[in-house]
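Going letter by letter, the sequence shown gives residues 1 to 417 in my numbering.
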Amino acid sequence: MSLKAPKGTIDILPKDSAKWQFVEKTLRDICDSFQFKEIRIPVFEHTELYVRGVGETSDVVSKEMYTFNDKGERSITLRPEGTAGVVRSFLEHGLYADSQPTKLYYMISCYRYEKPQAGRLREFRQFGVEMFGAASPAADAEVISLVKHIFDKLGIQNLTLNLNNIGCPSCRKAYNDKLKAFLTDRKNDLCETCQERLERNPMRVFDCKSEVCQSVLKDAPRIYDCVCPECKAHFEEMTSYLDEMGIAYQLDKSIVRGLDYYSRTVFEFVSNDIGAQGTVCGGGRYDYLVEELGGKPCPGIGFAMGIERLLMVLENAGISLPEPKEPQLYIAAIGKEADKKAAKLVHTLRCAGIRAEKDYMERSVKAQMKYANKIKAEYTLVLGDDEIAANKAQLKQMETGESQEVCLDELKEKFLS
Ligand code: HAM
1 MSLKAPKGTI DILPKDSAKW QFVEKTLRDI CDSFQFKEIR IPVFEHTELY VRGVGETSDV
61 VSKEMYTFND KGERSITLRP EGTAGVVRSF LEHGLYADSQ PTKLYYMISC YRYEKPQAGR
121 LREFRQFGVE MFGAASPAAD AEVISLVKHI FDKLGIQNLT LNLNNIGCPS CRKAYNDKLK
181 AFLTDRKNDL CETCQERLER NPMRVFDCKS EVCQSVLKDA PRIYDCVCPE CKAHFEEMTS
241 YLDEMGIAYQ LDKSIVRGLD YYSRTVFEFV SNDIGAQGTV CGGGRYDYLV EELGGKPCPG
301 IGFAMGIERL LMVLENAGIS LPEPKEPQLY IAAIGKEADK KAAKLVHTLR CAGIRAEKDY
361 MERSVKAQMK YANKIKAEYT LVLGDDEIAA NKAQLKQMET GESQEVCLDE LKEKFLS
């Protein structure tokens, strides 16, 4: 039996890890400029956190969670997303007692039992930010401007920012009644799951992927048109900040987001070039979640982007990303003595931050040079008895074939200069 990685998981191999590191560093640097600080949260939490936070009727909670009982018979769930865990940590450590806002970011793996396809995995990675304590529409705009800056910085141009306003619990109540009445009249046209959603949380019908349900929804009332004056004003103020910053957007009244905690602003950055799973980033305001999870009322806003999807967009746009770095120097050795000297030299060079490599396979000198070529070493140096005795060797630049004599004691300085 050959062992394979579980369905929906990927290995990030050495040939690709430089790309990931580059993207991750770019994200970290941008968070630094925007003054978001990193938070690291556990991979698993008590199941109840997600049931209460993300919502029992969401697909994520009702169908997609990796939930199990641990040996102490506690129900544990692998995090399907980051927001609930970050809110839990924000409350548990009293971060709300600091001067607000609290601006946090995270890079995490997430777990959802979904049907794998291009851009949809069971283990995937998210980069996300959460800002607590700021109710102002300017905070929504700041978070959106951070995402926009990430795409600009990475050279991504062809993403659309879609916005919607899904109101607050009070305007949502009236809307839910309206939507329920509309859907009840067409109940027989809905799929079985949506018939159930209709009873428990009618807005979740918008999450349905079935074409039949989507066609029923075509003429359904939209929450955007039913929000209260305060929610309407918040949205208008928020878009005026985006206008001021020159950030283009489109209104998409069908966005409700698949998680229950959102209120007012919701947004998605969508690509048309990477297939059906084109939503690279999604987020919104969640002014009631902190309270829902046991804290005092505290507004929040954030987003998360799938890093695999981000890399797909970059690749699709032909944006070149760094390859693994090649060695600056390969030292080939002839014989045991020279091999020990080579070990000492590469150690000294490596400790000074120079990418140096040598043989560990007991290859002949010819095979060592062939290997140096294969790994694209920039320079090579052959070490034998004569070189050790003279404390000098020929340093060869592989691309030009040019050689120069160097004193072995000065090798480090040569590379550092
Ligand atoms: P989400 O829309 O569920 O939101 O996920 C955010 C992003 O994660 C998606 O836009 C997508 O890029 C990526 N993603 C989701 N599921 C998968 C999957 N199965 N495979 C690959 N990538 C995936 C949230 O998770 C919210 N917590 C975002 C948020 C933060 N809202 C406020 N703060």
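We treat Cβ as the ideally placed atom computed from N, Cα and C, and that holds for glycine.
> How is Lys418 classed by DSSP in three states: helix, strand or coil?
Replying inline: Given a span of 1 to 417 for the chain in the structure shown, any question on residue 418 remains unanswerable.
>> In this structure, how does DSSP classify Phe269 when only helix, strand and coil are distinguished?
In response: strand
> In terms of residues, what are the limits of the alpha helix (DSSP H) holding Ile156?
Replying inline: Neither: Ile156 is in no alpha helix (DSSP H) and is coded neither H nor E.
>> Residues in the same chain with beta-carbon distance under 6 angstroms from Tyr106, minus the five sequence neighbours each way, listed in chain order, please.
In response: Ile39, Gly82, Gly128
> To the nearest angstrom, how far is it from the Cα of Asn391 to the Cα of Phe303?
Replying inline: 59 angstroms
> Is it the case that the Cβ atoms of Thr193 and Cys208 are separated by a distance below 8 angstroms?
Replying inline: yes
> Hey, is Gln126 close to the ligand HAM, as in C-beta under 7 angstroms from one of its heavy atoms?
Replying inline: yes
>> With three or more C-beta pairs closer than 8 angstroms as the rule, is the stretch 161-172 touching the stretch 226-239?
In response: yes
> For Gly119, which residues from the same chain have a beta carbon less than 8 angstroms from its beta carbon, with the 5 sequence-adjacent residues on both sides left out?
Replying inline: Ile274, Gly275, Ala276, Gln277, Gly278, Gly306, Glu308, Arg309, Met312
>> Between the alpha carbons of Glu402 and Glu323, how many angstroms are there, rounded?
In response: 26 angstroms
> Going by the CB atoms, is the gap between Ile319 and Leu159 shorter than 8 angstroms?
Replying inline: no
> By Cβ distance, which residues of its chain are closer than 8 angstroms to Ser17, with the 5 residues on each side in sequence left out?
Replying inline: Pro324
> Are the beta-carbon atoms belonging to Val256 and Phe206 less than 8 angstroms from one another?
Replying inline: yes
> Beta-carbon separation of Arg222 and Lys253 under 8 angstroms?
Replying inline: yes
> What whole-angstrom Cβ distance do Ile144 and Leu242 have, given they're in contact under 8 angstroms?
Replying inline: 6 angstroms
> Can you list, in chain order, the stretches of the beta strand (DSSP E) that have 3 or more residues and sit fully within the stretch 63-139?
Replying inline: 67-69, 75-78, 102-111, 123-132
>> At the level of alpha carbons, what is the spacing between Gly246 and Leu345?
In response: 55 angstroms
>> Our contact map puts Lys7 next to Pro116 with C-beta atoms below 8 angstroms; I'd like the distance itself, whole angstroms only.
In response: 6 angstroms
>> For the ligand HAM, I want to know if Gly493 counts as a neighbour, meaning its beta carbon is within less than 7 angstroms of at least one of the ligand's heavy atoms.
In response: Outside the displayed range of the chain (1 to 417) lies residue 493, so it cannot be described from this structure.
> Using a Cβ-Cβ cut-off of 7 angstroms (strictly less than) and excluding sequence neighbours within five positions of Gln258, which residues of its own chain qualify?
Replying inline: What sits at residue 258 in the sequence shown is Gly, not Gln. These residues qualify, in order along the chain: Ser58, Asp59, Val60, Asp207.
>> Tell me whether Val23, by its Cβ, gets closer than 7 angstroms to a heavy atom of the ligand HAM.
In response: no
>> Suppose the cutoff is 6 angstroms on Cβ atoms and the five residues either side in sequence are ignored; what does the same chain contact list for Glu357 look like?
In response: Pro327, Tyr330
> How would you write the range of the alpha helix (DSSP H) that Arg172 sits in, first residue to last?
Replying inline: 169-185
>> Using CA atoms only, rank isn't needed, just tell me which of Phe415, Ala393, Ala338 is closest to Ala352.
In response: Phe415
> In three-state terms, what does DSSP make of Tyr224?
Replying inline: helix
>> If I follow the unbroken alpha helix (DSSP H) through Val51, where does it start and stop?
In response: 47-53
> Can you find a heavy atom of the ligand HAM that lies under 7 angstroms from the Cβ of Val147?
Replying inline: no
> Does DSSP classify Val205 as helix, strand or coil?
Replying inline: helix
>> Are the CB atoms of Tyr96 and Leu163 within a distance shorter than 8 angstroms?
In response: no
> Under 8 angstroms, do Pro101 and Met238 count as touching if we go by C-beta distance?
Replying inline: no
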